[in-house]
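Engineer: This is the structure I have questions about; it appears just below.
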Amino acid sequence: MPDVSLPLALTMGDPAGIGPEITAGAWRAMRQGATPFAVLGDAGLIGRHDVPVREITTIAQAGDVFAHAVPVLPVGLQAPVHAGRPDSTNAPAITTSIARAVELARNGQAAGVVTNPISKIVLKKAGFPYPGHTEYLAALCKVSGREVMMLACPELRVVPITIHVSLRRALDELDTSVIIAATRTTHAALQRDFGIAAPRIAIAGLNPHAGEDGSMGTEEQTIIAPAIATLRADGMDISGPWPPDTMFTPAARARYDVAMCMYHDQALIPLKTIDMTQGVNTTLGLPIIRTSPDHGTAFDIAGRGVADPSSLVAALRMAMQMAEHRNRS
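Quick note, the sequence shown lines up with residues 6 to 334 if you use our numbering.
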């Protein structure tokens, strides 16, 4: 159970991306609030963005420092950083920042983990064996296979049942058991971490018009409908399969608390279209709380002073809200 009086652990992300800049912006927006965080990264890199920084030796010191400076638990970089020019030489620092943040949360020293954006390509060039943050966090928490990625903004929550794979591979991986497992994890998390006593869950179809009685595909009948029947037998409030092209209208969204989607873009396109600024990525199924901004490293604008910290601020606030709900459960 997380202690909500503890600070959040914020990872560095890719140091050549917008992570340092949005970290500075998030501190400016939140320094007078009740949600302190400590950055596991390089103090000088954050200080480039006209904010005071102070290195600390333990995350417990963050609360005393936060109102006056960005608290930084140092993680050494292997190479100089040039904004917008990613370097795989710094991959060990990026992954070390994540691993240390997870350790702090698992040891009860941080209320949760918030991760700045990483570049999968940069890490892959350095031999990183995971498809992305979500899978690496699950491995660090020793729950690989149980992780579920949820994206949320004030108007919508979505869960892609298949995630960081090609669309062709996603179709091969989609089966009844995967839908059931992801939905059960999501249902439990909505109750525990979001305070929704009886979650309403919408299951998307895969094909146009949800297959239209098999004329446009039979996966709704052979894969999705059996999952819905099992989940309803568990006592969950499940609806679907919904035609994907109409389930994200304002009227439709009012009828559910989360949309379970069959593949990555089916989930992320509507959420990012509706509200990318306030979008938050959170990993369900972990023993710790983890959130992240719902955008990437943005190397193209890094160092220009134009990056919007709103999604990181939303991620930090959501992490603390989740900790508060989990503390009550």
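Glycine included, C-beta positions come from ideal geometry on N, C-alpha and C.
Which residue or residues does DSSP assign as beta-bridge partners of residue 264?
Structural biologist: Taking the first residue of the sequence shown as position 1, residue 264 is located at position 259. DSSP lists 163 and 207 as partners of residue 264.
Engineer: Under 8 angstroms: do the region 324-334 and the region 165-180 share three or more Cβ pairs, one atom per stretch?
Structural biologist: Pairwise C-beta distances place the region 324-334 out of contact with the region 165-180, as fewer than three of them are shorter than 8 angstroms.
Engineer: Mapping DSSP to helix, strand and coil, what is residue 25?
Structural biologist: Within the sequence shown, the letter at position 20 stands for residue 25. Residue 25: helix per DSSP, three-state reduction.
Engineer: Excluding sequence positions up to five away, which residues of its chain have a Cβ less than 6 angstroms from the Cβ of residue 52?
Structural biologist: In the sequence shown, counting from the first residue as 1, residue 52 sits at position 47. Close CB contacts of residue 52 within its chain, under the 6 angstroms cut and outside five residues either way in sequence, are with 58 (chain order).
Engineer: Could you have a look at residue 199 and say whether DSSP puts it in helix, strand or coil?
Structural biologist: Reading the sequence shown from its first residue, position 194 is the one you call residue 199. Correct three-state label for residue 199: helix.
Engineer: Using alpha carbons as the reference points, say which of 331, 333 and 321 lies closest to residue 27.
Structural biologist: For the purposes of this step, residue 27 is taken as residue 22 along the sequence shown, with counting starting at 1. When each option's Cα is compared against that of residue 27, the closest is 321.
Engineer: Determine the direct distance from the alpha carbon of residue 107 to that of residue 66, and round the result to whole angstroms.
Structural biologist: Reading the sequence shown from its first residue, position 61 is the one you call residue 66. Reading the sequence shown from its first residue, position 102 is the one you call residue 107. Those two C-alpha atoms are separated by around 18 angstroms.
Engineer: Measure from the alpha carbon of residue 232 to the alpha carbon of each residue in 251, 149, 257 and 265, then state which is nearest.
Structural biologist: Counted from its first residue, the sequence shown places residue 232 at position 227. Checked all of 251, 149, 257 and 265; the closest Cα to residue 232 is 265.
Engineer: Could you have a look at residue 60 and say whether DSSP puts it in helix, strand or coil?
Structural biologist: Sequence index remark: in the sequence shown, residue 60 carries index 55 (1-based). Residue 60 falls in the strand class under three-state DSSP.
Engineer: Of the residues 221, 208, 282 and 222, which one's Cα is nearest the Cα of residue 253?
Structural biologist: Along the sequence shown, one-based indexing puts residue 253 at 248. Measuring from the Cα of residue 253, the nearest candidate turns out to be 208.
Engineer: Less than 6 angstroms between C-beta atoms, sequence neighbours within five positions excluded: which residues of the same chain meet that for residue 175?
Structural biologist: By 1-based counting over the sequence shown, the position of residue 175 is 170. For residue 175, where only same-chain residues beyond five positions count, the Cβ hits under 6 angstroms are 167 and 268.
Engineer: Does the distance from the CB of residue 109 to the CB of residue 234 come in under 8 angstroms?
Structural biologist: Position 104 of the sequence shown, counted from the start, is the residue given in the question as residue 109. Position 229 of the sequence shown, counted from the start, is the residue given in the question as residue 234. In terms of Cβ geometry, residue 109 and residue 234 do not form a close pair [threshold 8 angstroms].
Engineer: Could you tell me the boundaries of the beta strand (DSSP E) in which residue 242 lies?
Structural biologist: Translated into the one-based positions of the sequence shown, residue 242 becomes position 237. Where residue 242 is concerned, the enclosing beta strand (DSSP E) stretches over 242-247.
Engineer: Near residue 297, which residues of its chain fall below 6 angstroms by C-beta distance, leaving aside the five closest residues on each side in sequence?
Structural biologist: In the sequence shown, residue 297 corresponds to position 292, counting from 1. Contacts found: 120, 286 and 320.
Engineer: When you compare only the Cα positions, how much space is there between residue 161 and residue 46?
Structural biologist: One-based indexing of the sequence shown puts residue 161 at position 156. One-based indexing of the sequence shown puts residue 46 at position 41. Cα to Cα, the separation comes out at about 32 angstroms.
Engineer: Quick check: what's the CA-CA separation for residue 323 versus residue 203?
Structural biologist: The residue given as residue 323 occupies position 318 in the sequence shown. The residue given as residue 203 occupies position 198 in the sequence shown. Between residue 323 and residue 203, the C-alpha separation is close to 20 angstroms.
Engineer: Can you tell me whether residue 100 is helix, strand or coil according to DSSP?
Structural biologist: The sequence position of residue 100 within the sequence shown is 95, counting from 1. Of the three classes helix, strand and coil, the one that applies to residue 100 here is helix, per DSSP.
Engineer: With burial defined as no fewer than 16 other Cβ atoms inside 10 Å of the residue's Cβ, what is the status of residue 63: buried or exposed?
Structural biologist: Translated into positions along the sequence shown, residue 63 becomes position 58. It is exposed - the Cβ of residue 63 has fewer than 16 other Cβ atoms within 10 Å.
Engineer: Would you check if the region 89-101 and the region 128-144 touch, i.e. whether three or more CB-CB distances between them fall below 8 angstroms?
Structural biologist: These segments touch.
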